[in-house]
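Novice: With the numbering used here applied, the first sequence corresponds to residues 77 to 573, in that order.
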Amino acid sequence: MTYINKLAEHVDTTVTLKGWVYNYRSSGSLVFIEMRDGTGLTQCVVAKDDVSEDVWEAASSLKQESSLEITGLVKADERSVGGHEIHVSDVQVIQITEEYPITPKEHGVEFLMNNRHLWLRSQRQWAAMRVRNEIIFAIHTFFQERNFVQMDSPIFTGNAAEGSTTLFETEFFEEPAYLAQTGQLYGEAMAMAHGLIYTFGPTFRAEKSKTRRHLSEFWMIEPEMAFYDLEMNMDLAEDMIRFIVKTVLDKRGAELEILGRDISKLTPLVEKPFIRMTYTEAVDILTSDATATMLDEMLASRKEEEKAIKQEREEIKKEHGSAKKWRKNQIDARIKEIGSRLDQIEEDYRNIPQWKQSAQNFEWGNDFGGSDETVLMMQYDVPIMVTNWPAEIKAFYMKRDESGKHALGVDVLAPEGYGEIIGGSQREDDLELMKERIAEEGLDKEVFEWYLDLRRFGTVPHAGFGLGLERTVAWLCGLQHVRETIPFPRMMGRLKP
RNA sequence: UCCUCGGUAGCUCAGUGGCAGAGCAAUCGGCUGUUAACCGAUCGGUCGUUGGUUCAAAUCCAACCCGGGGAGCCA
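1) Thinking R566 and L291 are a contact (beta carbons under 8 Å), I'd like their distance in whole angstroms, please.
2) Which residues in the same chain as P177 place their Cβ atom closer than 6 Å to its Cβ, once the five residues preceding and following it in sequence are excluded?
3) How many angstroms separate the CA atom of I562 from the CA atom of R208?
4) For N464, does the count of other Cβ atoms within 10 angstroms reach 16, so buried, or fall short, so exposed?
5) Consult DSSP for I392 and reduce its assignment to one of helix, strand or coil.
6) Is there contact between the segment 117-125 and the segment 145-164, where contact requires at least three CB pairs shorter than 8 Å?
7) Compute the Euclidean distance between the alpha carbons of E129 and Q168, then round it to the nearest angstrom.
8) Go through the segment 322-395 residue by residue and report every complete run of the alpha helix (DSSP H) that reaches 4 residues or more, in order.
9) If you follow the beta strand (DSSP E) that I109 is in, where does it begin and where does it stop?
10) For G542, report the span of its beta strand (DSSP E) as first-last.
11) Thinking V91 and R289 are a contact (beta carbons under 8 Å), I'd like their distance in whole angstroms, please.
12) From A265 to G259, what distance separates their C-alpha atoms?
13) Please give me, in chain order, every unbroken run of the alpha helix (DSSP H) with length at least 4 that falls completely inside the segment 237-294.
14) Cutting at 7 Å between CB atoms, please list the residues of its own chain near P230, excluding the five before and the five after it.
15) Rounded to whole angstroms, what's the CA-CA distance from K432 to K181? Just pull it up for me.
16) Flag this pair as yes or no: are the beta carbons of L345 and C553 separated by less than 9 Å?
17) Rounded to whole angstroms, what is the Cα-Cα separation between R101 and L117?
18) Where in the segment 477-536 do unbroken runs of the beta strand (DSSP E), each at least 3 residues long, occur, reported from the N-terminal end onward?
19) For L196, is the classification buried or exposed, using 16 other Cβ atoms within 10 angstroms of its Cβ as the cut-off for buried?
20) To the nearest angstrom, how far is the alpha carbon of G158 from that of Y254?
21) Using the C-alpha atoms, what's the distance from M227 back to G542?
22) Just to check my reading of the structure: R503 and K475 have Cβ atoms closer than 8 Å, yes? What is that Cβ distance to the nearest angstrom?
23) CA-CA distance, Q171 and K82?
24) Quick one: give me the first and last residue of the alpha helix (DSSP H) that N190 is part of.
25) Look up V207 in the DSSP assignment and say whether it is helix, strand or coil.
26) For A384, count neighbouring Cβ atoms within 10 angstroms of its own Cβ and tell me buried if that reaches 16, exposed if not.
27) How big is the Cα-Cα spacing for I469 and I361?
28) Less than 8 Å between C-beta atoms, sequence neighbours within five positions excluded: which residues of the same chain meet that for G534?
29) Given that a residue counts as buried once 16 or more other Cβ atoms are within 10 Å of its Cβ, and exposed if not, what is L106?
30) Does the pairing of the segment 356-375 with the segment 428-448 give three or more beta-carbon distances under 8 Å?
31) Between the alpha carbons of F108 and Q119, how many angstroms are there, rounded?
32) For a quick check, are the C-beta atoms of F219 and Y274 less than 9 Å apart?
33) Among Q436, Q387 and F564, whose alpha-carbon lies nearest the alpha-carbon of I414?
34) Expressed to the nearest angstrom, what Euclidean distance is found between the alpha-carbon atoms of A490 and E186?
35) Can you check which of these residues, T115, G540, R570 and R222, is closest to Y304 by C-alpha distance?
36) Starting from G445, trace the alpha helix (DSSP H) in both directions and tell me its first and last residue.
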């Protein structure tokens, strides 16, 4: 048995492949089987004259996603997907499928999500999962090579650390329990035992968010480092992202191509340093005239684009009546494309003025909204790291600077509008300040006694951050929505399959 | 919770007050180089649900249900 991704090693020899029919075309006495085996796609050609009657019968009976074994001669062939073609001598059918719901044509989001268990077989989904796997492996490699110890934080937690509205409540032997939305506090305890640690696990948030950036269940990587300050924390985060991007570019070029990812958007990250700015500097940029001008220009260019594609649509509609079938298909596809782009432009018309208003009127001390982040990000081609946030809007565990006004936190925003992929900070390491902070926030002191012990017994400066895996995958793959970055997404209104 | 768009054949959609439509899928037939193959035929409907307006409702009105996108919140 041979795998499709190893065909190059078997040119001009006979191999047996096991897999599924991805697509199927036939003409009189030729059958073309596009076959997938999990490692890739290849085209198998069955010629009526070259095979027995039984084999021809079997080949003719195939349908999309039928499972089979194929034996044939491997030939290099430009015409075939993947560059190799199998000249078939034998076909063993394992199962002829019933009507497969996902056709090679277009489908809607709801239908595809209802069939997620099958959708995973499709090319783009396959490619995205391969990239996800590469990113996971790269993250482990990055930390393991730096002597970090991977440790696991609990998923059941007994207390609501960051406000219970975003927690899923469950039952733990007749006691209320919550699904963890972060492992950070436990990470700090583990870092005091091992120095450098990272967690890699699922987290749960009950936020009623229905956006392209949110999942109810997502995977987070949370390194925590003893004797690290904010600066070292940022250096580590930057090195890690660069390592991930470089690894994906090196090893998953083929998958990025299937996904239609514009690689030129990723290559700058390998060389260029990330942008670092304080919150105050970010606010200055948001409220600047340059930002206002940029948004005005953006609006103007949308208007021009709208005019141009509307005109194109009129022209090809006229052509439609007299066009040949293949051209009609092409025109229909283009009209659909234009339609959805026009919807997007329509949305931009509503959004851009709001973005401008939000940016121009931004007041120091507020947290950035989604649009403010977008406006900030669109000005750079590398991630930006925003530090020194107003203490009031950041979590109680973050250390403050000498003035006491700023929290030593950092948010890393990915380019191209992919948003916050990392949130991190230097942690408060002083027992008394931490007690004050807990009291200020009105948190239950009892619950945090063990956490305060970390400050009682050998406290040291330390820092860490959390990376959202799915947002990172979405960004590197250029996907519109995080639901395509995890095999079985869990989100509001989606618990099946 | 709020704003916004949508729900018509298995799928993607057109139809906006007067006989329920197309492409794909499925079924049958044709074709020796197909690439979302192509050509011919057949099959396929509780127009999201309930109520209202009307001679007549997929189409207009109301409420509800479900989904997409966004706000808030966040990774």
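Even for Gly, the Cβ is constructed at its ideal location relative to N, Cα and C. Everything numeric in this text was worked out from a predicted model, so none of it was measured.
Specialist: In terms of the structure at hand:
1) 6 Å
2) N191
3) 8 Å
4) buried
5) helix
6) yes
7) 13 Å
8) 329-334, 344-347 and 355-363
9) L106 to R112
10) H538 to G544
11) That pair is no contact at about 44 Å.
12) 10 Å
13) 260-270
14) A256 and Y262
15) Their Cα atoms are separated by approximately 39 Å.
16) Not closer than 9 Å, so no.
17) 15 Å
18) 482-490 and 495-502
19) exposed
20) 48 Å
21) 14 Å
22) A Cβ-Cβ distance of about 6 Å is found for the pair R503 and K475, placing them in contact under the 8 Å criterion.
23) The alpha-carbon atoms of Q171 and K82 are separated by roughly 25 Å.
24) V185 to N190
25) helix
26) By the neighbour-count rule (16 or more Cβ atoms within 10 Å), A384 is not buried but exposed.
27) 20 Å
28) Around G534: M268.
29) Counting Cβ neighbours within 10 Å, L106 comes out exposed, since fewer than 16 surround it.
30) Verdict: yes, contact present.
31) 7 Å
32) yes
33) Q387
34) A490 and E186 have their C-alpha atoms some 28 Å from each other.
35) G540
36) Per DSSP, G445 belongs to no alpha helix (DSSP H) and is neither H nor E.
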